[in-house]
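**Student:**
2 protein chains.
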Amino acid sequence: MRFFGICFFLLMFVSSGLADDGYDSRAFPRPLIIEYPQNNEFQLKESLEEIRLHCTSWRFAAEANNLNPWKTIPPECAGYIEEYMTGRGYHYDLERVSKEAQIFANSVKLGDDGRDIWVFDVDETLLSNLPYYARHGFGLEIFDHAEFDKWVEEGIAPAINSSLELYRDVLKLGIKVFFLTGRRETHRNVTVENLIKVGFEYWEKLILRSSEDHEKQATVYKSEKRDEMVKEGYRILGNSGDQWSDLLGSSIATRSFKLPNPMYYIP
Amino acid sequence: MRFFGICFFLLMFVSSGLADDGYDSRAFPRPLIIEYPQNNEFQLKESLEEIRLHCTSWRFAAEANNLNPWKTIPPECAGYIEEYMTGRGYHYDLERVSKEAQIFANSVKLGDDGRDIWVFDVDETLLSNLPYYARHGFGLEIFDHAEFDKWVEEGIAPAINSSLELYRDVLKLGIKVFFLTGRRETHRNVTVENLIKVGFEYWEKLILRSSEDHEKQATVYKSEKRDEMVKEGYRILGNSGDQWSDLLGSSIATRSFKLPNPMYYIP
């Protein structure tokens with residue numbers, strides 16, 4: 001039993017080190033662990049299991065839109081979220097959403113009037129701000145508009161590759177694409193440049209927040225814009241976004257695809 | 001490195017045994033594992049990690065409503081889902097949804113006309129069919145209406161305790177409750193008896209599928225019933241259900257709460 005306790009203890013701490021063919025001896029010298037008193041070892045195992053359970057559950061609740069509005073990730077989940085975002089978990093989840101969306105897109109019979117469209121959000125949907133959030137605790141810090149704007153203005157956000165694949169597939173099928181973002185009109189040029197640079201070179205419309213939309217909740221602003229699309233005769237087949245406020249409200253798409261994002265919440 | 005490989009291997013297989021202060025020696029005699037060739041050991045570790053990643057991702061996609069319609073769980077995730085449903089994960093997630101719903105319910109200012117309501121689904125929301133699904137592979141088998149009906153007619157489904165807490169809290173606040181289920185009218189009596197027996201003793205209305213609703217998709221049937229509630233002047237504050245078809249469509253609640261259910265999907 002003691003053997004298993006030690007194993008678990010070690011694995012929880014050095015899981016990142018496994019890939020590098022070793023563990024971080026600076027953080028935890030091996031002899032110290034092997035000689036750890038049994039009671040503490042069990043308590044630690046218990047609490048590590050508890051944190052993993054707790055943070056997985058929190059992440060599920062976030063993705064299923066069950067959480068009341070939140071401003072930062074739970075502090076005790078900082079390590080868990082970092083591991084998820086920088087490890088394989090996040091990319092694996094992104095790829096799955098993209099694949100499911102592609103299956104759906106390929107299954108739809110399009111009209112011959114060119115009015116079938118797909119709506120994409122931009123941040124954490126087409127473009128990744130992970131380099132920014134990596135410097136800001138992966139959601140542990142309260143969102144700083146001014147700091148984030150500086151990052152946006154650099155125009156160097158990389159593409160989310162799985163979304164690029166979906167985007168290309170959707171275009172190839174003859175579905176028109178609309179980009180609908182919470183970014184402001186003042187960021188139009190830098191957003192256009194950034195999008196084109198990383199492979200999103202064509203769109204039917206890129207909609208940014210104009211001054212009269214600044215104070216609106218994202219759900220309201222995005223619903224109004226989708227209402228306009230529907231009024232113009234477009235049929236919204238698919239909608240991809242990392243926030244539920246990208247997807248819910250009025251003029252909901254036939255299928256909505258929620259990309260993972262456990263770092264921040266926009267109501 | 002070999003030590004970690006062995007640890008991981010053992011932990012994946014004997015995690016259930018840990019609680020019993022040992023591992024199942026019938027399934028995997030210890031000497032066999034210790035002497036396992038290193039290459040196979042790594043391959044196995046890799047594939048176990050892969051399955052865990054894959055099935056967690058699948059479960060997330062299901063809970064976020066990203067999956068195309070599915071009839072059974074992925075066969076390779078059978079063990080993962082069983083562990084989730086019978087271990088602490090499922091109950092932990094259920095409790096979190098209930099708590100978030102309670103926070104929301106307690107934050108709402110009610111009207112003084114008694115028209116504020118909360119809608120609850122029944123199966124896997126108020127009542128648990130886990131004893132049935134435990135006998136049927138936790139979603140691994142294709143749904144068998146006749147078999148499931150027999151189970152329903154026994155009238156012995158236990159309460160989901162976290163939902164019982166939410167239900168009691170909601171009633172205490174003065175919010176009326178509606179039960180809206182996909183069960184048929186022919187099961188009204190047994191459903192009433194089952195609900196009362198496990199603590200759900202009061203409701204404003206219990207709505208079951210009448211014969212004209214049999215062929216409708218759940219989303220359509222439930223939306224129509226919610227439309228009627230709204231027409232009668234009720235305000236749907238909350239809606240709790242384990243299926244997205246309980247929550248989406250028209251007359252959506254102010255807040256919808258998606259209870260976990262990785263075992264089956266109802267469109």
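Just so you know, the sequences run in chain order A and B. Residue 1 is where the first sequence starts when you use the UniProt record's numbering, and the numbers rise one by one after that. Residue 1 is where the second sequence starts when you use the UniProt record's numbering, and the numbers rise one by one after that. Built from N, CA and C at the ideal position, the CB exists for glycine as well.
So what does residue 199 of chain A bridge to, in DSSP terms?
**Tutor:** Against the first sequence, residue 199 of chain A aligns to sequence position 199. Partner(s): none; residue 199 of chain A has no beta bridge.
**Student:** Evaluate residue 122 of chain A with the Cβ neighbour count: other Cβ atoms within 10 Å of its Cβ, from every protein chain shown; 16 or more gives buried, anything less gives exposed.
**Tutor:** Taking the first sequence and counting its residues from 1, one reaches residue 122 of chain A at position 122. Buried is the call here.
**Student:** Residue 76 of chain A: buried (16+ other C-beta within 10 angstroms of its C-beta) or exposed?
**Tutor:** Counted from its first residue, the first sequence places residue 76 of chain A at position 76. Burial call: exposed.
**Student:** Could you confirm whether any beta carbon from chain A is found closer than 7 Å to the beta carbon of residue 64 of chain B?
**Tutor:** Within the second sequence, numbered from 1, the residue matching residue 64 of chain B stands at position 64. Yes - at least one Cβ of chain A is within 7 Å of the one on residue 64 of chain B.
**Student:** Can you name the residues of chain B whose CB is closer than 7 Å to the CB of residue 257 of chain A?
**Tutor:** Here the question's residue 257 of chain A lines up with position 257 in the first sequence. 66, listed in chain order.
**Student:** So, does the CB of residue 121 of chain B fall closer than 7 Å to a CB anywhere in chain A?
**Tutor:** As a working note, residue 121 of chain B is residue 121 in the second sequence. With 7 Å as the cut-off, residue 121 of chain B does not count as an interface residue toward chain A.
**Student:** At a CB distance below 7 Å, what residues from the stretch 80–95 of chain A approach chain B? Give them in sequence order.
**Tutor:** 88, 89, 92 and 93
**Student:** For residue 132 of chain A and residue 261 of chain A, I'd like the C-alpha separation in whole angstroms.
**Tutor:** Taking the first sequence and counting its residues from 1, the one referred to as residue 132 of chain A is at position 132. Taking the first sequence and counting its residues from 1, the one referred to as residue 261 of chain A is at position 261. Taking the straight line from one Cα to the other gives about 14 Å.
**Student:** Given a cut-off of 7 Å on the beta-carbon distance, is the pair residue 148 of chain B and residue 255 of chain B in contact?
**Tutor:** What you label residue 148 of chain B is simply residue 148 of the second sequence in a count that begins at 1. What you label residue 255 of chain B is simply residue 255 of the second sequence in a count that begins at 1. It is not a contact, given that the beta carbons lie outside the stated cut-off.
**Student:** For the alpha helix (DSSP H) containing residue 79 of chain A, list its first residue and its last residue.
**Tutor:** Locating residue 79 of chain A in the first sequence gives position 79, counting from the first residue. It spans 78–86 - the alpha helix (DSSP H) in which residue 79 of chain A sits, taken as one unbroken run.
**Student:** What residues of chain B sit near residue 110 of chain A, judged by a beta carbon separation below 7 Å?
**Tutor:** Taking the first sequence and counting its residues from 1, the one referred to as residue 110 of chain A is at position 110. In chain B, no part has a C-beta under 7 Å from the C-beta of residue 110 of chain A; the shortest such distance is about 18 Å.
**Student:** I'd like to know whether the C-beta of residue 103 of chain A is nearer than 7 Å to at least one C-beta of chain B.
**Tutor:** Here residue 103 of chain A refers to the residue found at position 103 of the first sequence. For residue 103 of chain A, the answer is yes, since a Cβ of chain B falls inside 7 Å of its Cβ.
**Student:** Please state the DSSP three-state secondary structure of residue 182 of chain A.
**Tutor:** On the first sequence, residue 182 of chain A is found 182 positions in, with the first residue counted as 1. Correct three-state label for residue 182 of chain A: strand.
**Student:** For the stretch 160–180 of chain A and the stretch 198–210 of chain A, state whether three or more C-beta atom pairs, one from each stretch, are separated by less than 8 Å.
**Tutor:** yes
**Student:** Going along the stretch 34–60 of chain A in order, which residues come within less than 7 Å of chain B, judged by CB to CB distance?
**Tutor:** 53, 57 and 60
**Student:** With a floor of 3 residues, list each beta strand (DSSP E) that falls wholly inside the stretch 235–261 of chain A, ordered by position along the chain.
**Tutor:** 235–241 and 255–258
**Student:** What does residue 97 of chain A reach in chain B if we use C-beta pairs closer than 9 Å?
**Tutor:** In the first sequence, the residue the question calls residue 97 of chain A occupies position 97. Those are 61, 64 and 66, listed as they occur along chain B.
**Student:** Who are the neighbours of residue 165 of chain B on chain A, taking C-beta pairs under 7 Å?
**Tutor:** For the purposes of this step, residue 165 of chain B is identified with residue 165 of the second sequence, where counting begins at 1. Chain A residues near residue 165 of chain B: none, gap ~16 Å exceeds 7 Å.
**Student:** Give the secondary structure of residue 118 of chain A by DSSP, where H, G and I count as helix, E and B as strand, and everything else as coil.
**Tutor:** Position 118 of the first sequence, counting from 1, holds the residue named residue 118 of chain A. In the structure shown, residue 118 of chain A sits in a strand (DSSP, three-state: E or B).
**Student:** Taking the alpha helix (DSSP H) that residue 150 of chain A falls in, what are its first and last residues?
**Tutor:** Mapped onto the first sequence, residue 150 of chain A falls at position 150. Element bounds for residue 150 of chain A: 145–154.
**Student:** Taking buried to mean at least 16 other C-beta atoms within 10 Å of its own C-beta, is residue 194 of chain B buried or exposed?
**Tutor:** Counting from 1 along the second sequence, the entry for residue 194 of chain B is found at position 194. Residue burial is scored here from C-beta neighbours: residue 194 of chain B has at least 16 other C-beta atoms within 10 angstroms and is therefore classed as buried.
**Student:** What would DSSP say about residue 64 of chain B, mapped onto helix, strand or coil?
**Tutor:** Taking the second sequence and counting its residues from 1, one reaches residue 64 of chain B at position 64. If DSSP states are grouped into helix, strand and coil, residue 64 of chain B belongs with coil.
**Student:** Let me confirm a value: residue 225 of chain A is counted as buried when at least 16 other C-beta atoms fall within 10 Å, else exposed. Which label applies?
**Tutor:** Within the first sequence, numbered from 1, the residue matching residue 225 of chain A stands at position 225. With 16 or more Cβ atoms within 10 Å of its Cβ, residue 225 of chain A is classed as buried.
**Student:** How many angstroms separate the CA atom of residue 29 of chain B from the CA atom of residue 59 of chain A?
**Tutor:** Taking the first residue of the second sequence as 1, we reach residue 29 of chain B at position 29. Taking the first residue of the first sequence as 1, we reach residue 59 of chain A at position 59. Note that residue 29 of chain B has pLDDT 40, beneath the 50 cutoff, so the model's placement of it is unreliable and the number below is only indicative. Looking at the two C-alpha atoms, the distance is approximately 37 Å.
**Student:** Under the rule that 16 or more other beta-carbon atoms within 10 Å means buried, what is residue 135 of chain A, buried or exposed?
**Tutor:** Taking the first residue of the first sequence as 1, we reach residue 135 of chain A at position 135. Under this definition residue 135 of chain A is an exposed residue.
**Student:** If I measure Cβ to Cβ from residue 144 of chain B and keep anything under 8 Å in the same chain, skipping five residues before and after, which residues do I get?
**Tutor:** The sequence position of residue 144 of chain B within the second sequence is 144, counting from 1. So the list reads 136, once near-sequence residues are dropped.
**Student:** Is the separation between the beta-carbon of residue 182 of chain A and that of residue 219 of chain A shorter than 7 Å?
**Tutor:** For the purposes of this step, residue 182 of chain A is taken as residue 182 along the first sequence, with counting starting at 1. For the purposes of this step, residue 219 of chain A is taken as residue 219 along the first sequence, with counting starting at 1. No, Cβ-Cβ distance for residue 182 of chain A and residue 219 of chain A is not below 7 Å.
**Student:** Closest by CA to residue 68 of chain A, which one among B/99, B/192, B/216 and B/157?
**Tutor:** Against the first sequence, residue 68 of chain A aligns to sequence position 68. The shortest Cα separation from residue 68 of chain A among B/99, B/192, B/216 and B/157 belongs to B/99.
**Student:** Straight-line CA distance for residue 106 of chain B to residue 187 of chain A?
**Tutor:** Residue numbering aside, residue 106 of chain B sits at position 106 when the second sequence is read from its first letter. Residue numbering aside, residue 187 of chain A sits at position 187 when the first sequence is read from its first letter. One C-alpha to the other measures close to 40 Å.
**Student:** From residue 125 of chain A to residue 40 of chain A, what distance separates their C-alpha atoms?
**Tutor:** As a first step, residue 125 of chain A is located in the first sequence; it is residue number 125 there, counting from the start. As a first step, residue 40 of chain A is located in the first sequence; it is residue number 40 there, counting from the start. Looking at the two C-alpha atoms, the distance is approximately 43 Å.
**Student:** Indicate the three-state DSSP secondary structure (helix, strand or coil) for residue 112 of chain A in the structure shown.
**Tutor:** As a working mapping, residue 112 of chain A is identified with position 112 in the first sequence. Three-state DSSP puts residue 112 of chain A in coil, outside helix and strand.
**Student:** Give the secondary structure of residue 209 of chain B by DSSP, where H, G and I count as helix, E and B as strand, and everything else as coil.
**Tutor:** Residue 209 of chain B sits at position 209 when you count from the first residue of the second sequence. Three-state DSSP puts residue 209 of chain B in a strand.
**Student:** May I ask which residues mark the beginning and end of the alpha helix (DSSP H) holding residue 163 of chain A?
**Tutor:** Within the first sequence, the letter at position 163 stands for residue 163 of chain A. In the DSSP assignment, residue 163 of chain A falls within the unbroken alpha helix (DSSP H) covering 161–173.
**Student:** On a Cα-Cα basis, can you pick out the residue from B/247, B/49, B/253 and B/91 that is closest to residue 65 of chain B?
**Tutor:** Within the second sequence, numbered from 1, the residue matching residue 65 of chain B stands at position 65. Minimum Cα distance to residue 65 of chain B is reached at B/247.
**Student:** In three-state terms, what does DSSP make of residue 71 of chain A?
**Tutor:** For the purposes of this step, residue 71 of chain A is taken as the residue at position 71 of the first sequence. DSSP places residue 71 of chain A in coil when its eight states are reduced to three.
**Student:** What in chain A is Cβ-close to residue 75 of chain B, meaning under 7 Å?
**Tutor:** The residue given as residue 75 of chain B occupies position 75 in the second sequence. Here the premise fails: no neighbours, minimum Cβ distance about 17 Å.
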